[in-house]
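Novice: A single structure is presented below for examination.
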Amino acid sequence: MSTKDVTRTAKVQRNTAYEPSEIEDKWYRFWEENDLFRTEVNPEKQPHAIVMPPPNVTGALHMGHALQDSIQDAVTRIRRMQGYEALWVPGLDHAGIGTQNVVERQLKEEGTSRHELGREAFVERVRRWKEEYGGRILEQKRRLGDSCDWHRERYTMDDGFTRAVQEVFVHLYEEGLIYRGNYLVNWDPENETALSDEEVENVEREGKLWYVKYPIKGEDGHVVVATTRPETMLGDSGVAVHPDDERYTDLVGRNVVLPLLDRDLPVIADDYVKSEFGAGALKVTPAHDKNDFEIGRRHDLETINIMNPDGTINEHGGPYEGMDRFDARDRIVADLDALGLLVKTETTRNTVPISSRSKAVVEPLISRQWFVKMKPLAEPAVEAVRGGEITFHPQRWENEYFRWMENIRDWTISRQLWWGHRIPVWYYTTEDGEIDENRDFVVSVDQPEGGMVQDEDVLDTWFSSWLWPFATLGWPKKTPELEYFYPTSVLVSGYDILFFWIARMIMAGYHFMGEKPYGDVFITGMIKDRQGRWMSKSLGNGIDPLDMIDQYGADAVRFSLTVLCAQGQDIKLDPTKFEMGRNFANKIWNAFNVFGQFMEEEKTYRRTRSFEELELVERWILHRLHETIRDVDEAVSRYRLNEAAGLIYDLFWKDYCDWYLELIKPPFGEELEEDKIALAAEVYEKMIQLLHPFMPFITEELWSKIRPRERLDVCMTSSWPEVDAAEMDEEADEVFSLMQELVSGIRNIKSEYGVALNADIEAMVNLPSGAERLEEMLSTHRDYFEKLAGATDLMIGRGLDRPKACAAHVAGRHEVFVPLAGMIDLDVERERLRKEIEQKNGFLESVRKKLRNEQFVTKAPTDVVDRERQKEKDAREELVRLEANLEELE
RNA sequence: GGGCGGUUAGCUCAGCUGGUUUAGAGCGCCUGCCUUACAAGCAGGAGGUCACUGGUUCGAAUCCAGUACCGCCCACCA
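Counting from 1 along the first sequence, just add 727 to a position and that's the residue number in this note's numbering.
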């Protein structure tokens, strides 16, 4: 039976079992079809904007998205309810290498390749692929309940974005911040493209260190060099030793002979060489090692590139030409061994650079690429964070940011791919159609002159996504949106893309907008598996959020993730964690029935009593509600959403359900008074609002049931609850808390004596003299003791005599006696009391210790001391009572 | 080699600017309840020398220093 078909009898509002799937799609469609996520430039309202980290077009929803979206959506929904014009910009990233690989794999299955297709056809193919499959992830995000403004969905390769990217390139070039040159770059032989430093992972691996003899030219003897990559010797152009190394002083300036190729290599002296490493001599391969490149430059050594883009050895490799680099390595080692030139082989651990995309070993290779000078961009971005204009949450990430920014290196932005933004650089051609290297290139968005050809390369994907916060709002056009929503409010992302994206956006923001892209950066932890490992396809340890939504409901998934998301800590996740959220959703759902079952359809229940006229538990629950609203606001303002969610959870479950509802609930067969329904619904409604940002679907459904509504009166656009000091009541809080303790005391006694919780019993509440007001308040609510503890025969008074055979519970200066005729086991009771006395004594002793300490009494603030004194007094009185009770039993 | 994070109940984790914290939650465990909102629940309970060693302080799970183990990030040692 679906919720829509709930039987509507005279008493109408009764929920059937909670079934998330029955309400989630319905409400999402409602919100979207009624354009409720839509934002506009509205000068009447304060803007609040979040840009969604754009997922890859090839991507599928994973737990990281679910976590980050839960947070972004919660913040967006809170702000919307608080009256902000709350924009959350969705979008997609074209993901150059990733997407190209996906389509290439597809082509391979079809028995063809991109090269067979040709560039134009291939790009068209990718475009079609994107139309068909791309952006499925955004569909999936709708199932989470993301309240993005879909009208503003952007794509890093849409027309506007493409324009923005090209203009940025031209702009930076004109400023002298983009340059082209031949440098040693990270080369991915698998994808045959250059990579930025950030795209290279350094992985520690077991490796080998080979010691090789290089014979000295013209005499016997040799120099021993050590290498982890023997194949690079084909490109050696020198051997370096330390200038102070006396072993080699004579050799400097002379030549050694490169084995296998019989090439002469000069021996040079350079500070870089560490004499204590290996034999103290270093083979220098300028074309294939960063340090060697520098040494080569210093000593004017030849740069010999021995490798083809696909990782095979090229014509400079002599007999090894055409071999794969790793085959060549094996062969060279064997050949050296055969020649007696291999001294020894050691195993070592060394770090190997790996392409983060293809996982292929990255090769340092000389090639002509485009670079961005980063230092000038970094400076204002560093200043912004240092000066507090941008704040990271948690703040410790700022250190990581500074460390990277302060050591920033130039950014290799050209990629030898087909899928991506073409570099807006144009070349003149010679008569045979080749690029004319003798004429200067032209940097321009549009083709400057007929016949000129555009640079073949595309730009690093991040070169477009770093513009995300303003390009999504229309930049480079000066749009009203840009004016209104920029700078955005907060960026929510994981630390894995701190350098790739977050830092670069800050640089781009200042450089192109002259202003920060966002004021706060919320860095989430990463989702790991139960054992703390990264979730990955290869390990098969991923948890699919869509499965979890099917199983537990989107609200449960969101709520659980939010609670688990504490201050940047990684989350070790396993599916049972979602039970917490599901159980809570179920609780919320069922709690409605307690009063809902008495509500008549199409009737609005409005409280008629003033606050003063309410009964104790009602004043108390309102007090707790407003306290919670206050605390939630405070937590949210500091981005402590886990705390906010926890506060509401406790209020709803511990206070509202366990105490308040239990007390107002009428006995079976009786009605709930209208005015009580009204208050129950009032508090429930406020809690539903507080919960809505975290659990949007269930709250929306229940919102619609609490009272008759206009069609568009939905929870998501309702006004965020506000603290009402007039409905806070410290006295009610104190008295009710005491009542709770006394009830717990009675329950404990019943449980210890094996008396059923619902069994009727007699009880006496004994109050200290002078507590007339308290006595009166408790007496007015003697039914509380009956309902919650089964104390049907209750006496409340001051200075009461302790009955003979009874169990007692002491609560400060108050106590409750439970006469259990014929049931009291003196031993059990003595044991109970002794245990309590012992505990209390320990506590009293710890308090007294403090008070005996003169330093404490004189130095600690008076309110702290007073509090300790009060504690001592209370504990003493409590002990007196406990002991008196014990004596009665002796 | 530098830097960061973690170490709190059987498990997973909260615990903010030091003082109502002889420390909380969820799960698990024990006892009793199918009490007409909810067994995805209710009531009661057990369980912790807050990793270790020092220090600061009247007072430390909380601040500082060091140690140990676990994890992460960065770095050009062939």
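For each residue, glycine too, the CB sits at the ideal point set by N, CA and C.
Since the model is a prediction, treat every value here as computed from it, not as a measurement.
Do F1424 and E746 have their C-beta atoms within less than 9 Å of each other?
Specialist: The answer is no: Cβ separation not under 9 Å.
Novice: Let me check understanding here. Comparing Cα to Cα, which of D1402, G1308, A1534 lies closest to F1338?
Specialist: Looking at the Cα atoms, D1402 is the closest of the given residues.
Novice: With DSSP run on the structure shown, which of helix, strand or coil describes G1549?
Specialist: Three-state result, G1549: coil.
Novice: Spatial neighbours of K1666 within its chain, please: CB distance less than 8 Å, with the 5 preceding and 5 following residues excluded, ordered by chain position.
Specialist: Given that the chain is displayed from residue 728 to residue 1617, the structure contains no residue 1666 and the question cannot be resolved.
Novice: What do you reckon, are the CB atoms on L794 and L1341 nearer than 9 Å?
Specialist: No, the pair does not count as a contact, with Cβ atoms beyond the cut-off.
Novice: Is A1006 closer than 9 Å to V951 when the C-beta atoms are compared?
Specialist: Their beta carbons are under 9 Å apart, which means V951 touches A1006 by this criterion.
Novice: Who are L819's beta bridge partners in DSSP?
Specialist: Answer is Y882.
Novice: Taking just the CA atoms, how far does R806 sit from M728?
Specialist: Low confidence applies to M728: its pLDDT is 33, below 50, so where it sits in the model is not reliable enough to give any reading.
Novice: Straight-line CA distance for T889 to G1160?
Specialist: Cα to Cα, T889 sits roughly 27 Å from G1160.
Novice: With distance defined between alpha-carbon atoms, name the residue in P1103, V1152, I1140 nearest to N1134.
Specialist: Answer by Cα proximity: P1103.
Novice: With a threshold of 6 Å on Cβ separation, who are the neighbours of R881 within its own chain once the five nearest residues in sequence on each side are excluded?
Specialist: Within the same chain, R881 has close Cβ partners G818, T1199.
Novice: Quick one: using the 10 Å Cβ neighbour count with 16 as the cut-off for buried, is T1139 buried or exposed?
Specialist: Buried: at least 16 other Cβ atoms inside 10 Å.
Novice: Which of the three DSSP states, helix, strand or coil, is assigned to D947?
Specialist: Of the three classes helix, strand and coil, the one that applies to D947 here is coil, per DSSP.
Novice: Who are the near neighbours of N783 in its chain, counting only those whose CB is closer than 6 Å to its CB and skipping five residues on each side?
Specialist: Counting only Cβ-Cβ distances below 6 Å, and skipping sequence neighbours, we find D820, A822, G825.
Novice: For the beta strand (DSSP E) containing Q1278, list its first residue and its last residue.
Specialist: Run containing Q1278: none in the beta strand (DSSP E); it sits in the alpha helix (DSSP H), 1272–1279.
Novice: When you compare the CB positions of D997 and H1015, do they come within less than 9 Å of one another, or not?
Specialist: Not a contact, by the Cβ cut-off of 9 Å.
Novice: With DSSP as the reference, label M1132 as helix, strand or coil.
Specialist: M1132: helix per DSSP, three-state reduction.
Novice: Short of 8 Å in beta carbon distance, which residues of its chain neighbour N1041, apart from the five on each side in sequence? Order them along the chain.
Specialist: Result list for N1041: N1032, I1033, M1034, N1035, E1048, in chain order.
Novice: Helix, strand or coil for S729 per DSSP?
Specialist: Low confidence applies here, because S729 scores a pLDDT of 35, under 50, leaving its location unreliable; read the following figure in that light. Correct three-state label for S729: coil.
Novice: Can you tell me which residues form a DSSP beta bridge with Q1096?
Specialist: Q1096 pairs with G908.
Novice: What does the alpha-carbon distance come out to for the pair E1502 and G1524?
Specialist: Each residue's alpha carbon lies about 6 Å from the other.
Novice: Rounded to the nearest angstrom, what separates W681 and H1148 at their Cα positions?
Specialist: Lying before the first or after the last residue shown, residue 681 is absent from the chain, which here runs from 728 to 1617.
Novice: Three-state secondary structure (DSSP) at R990?
Specialist: DSSP places R990 in strand when its eight states are reduced to three.
Novice: From the DSSP output, in three-state form, read off Y1154 for me.
Specialist: In the structure shown, Y1154 sits in a strand (DSSP, three-state: E or B).
Novice: Does DSSP put N1493 in a helix, in a strand, or in coil?
Specialist: The answer is strand: DSSP assigns N1493 an E or B state.
Novice: Can you check whether the CB of P1107 is closer than 9 Å to the CB of M1232?
Specialist: In this structure, P1107 does not lie closer than 9 Å to M1232 by Cβ.
Novice: Could you say if the stretch 1509–1524 and the stretch 1468–1476 meet the contact criterion of at least three C-beta pairs nearer than 8 Å?
Specialist: A contact exists between the stretch 1509–1524 and the stretch 1468–1476.
Novice: Quick check: what's the CA-CA separation for V1344 versus L1505?
Specialist: Taking the straight line joining both Cα atoms gives about 11 Å.
Novice: Alpha carbons only, please: which of T1074, E1021, K944 is nearest the one belonging to G934?
Specialist: Selected option, being the one with the closest Cα: T1074.
Novice: Confirm, please, whether the CB-CB distance from D1062 to L987 is below 9 Å.
Specialist: Yes, they are a contact pair.
Novice: So, helix, strand or coil for I995, using DSSP?
Specialist: Strand, per DSSP.
Novice: Determine the DSSP secondary structure at I777, reduced to helix, strand or coil.
Specialist: Reduced to three states, the DSSP call for I777 is strand.
Novice: When DSSP labels each residue in this structure, what does P1302 get in the three-state scheme?
Specialist: DSSP places P1302 in helix when its eight states are reduced to three.
Novice: Could you tell me the alpha carbon to alpha carbon distance between D876 and K1243, rounded to whole angstroms?
Specialist: Roughly 22 Å between the two C-alpha positions.
Novice: Which residue wins for smallest C-alpha separation from F1512, given the options G1497, I1488, T1335?
Specialist: Ranking the options by Cα distance to F1512, first place goes to I1488.
Novice: When DSSP builds the beta bridges, which residues end up paired with Y1411?
Specialist: Bridge partners of Y1411: none, in fact.
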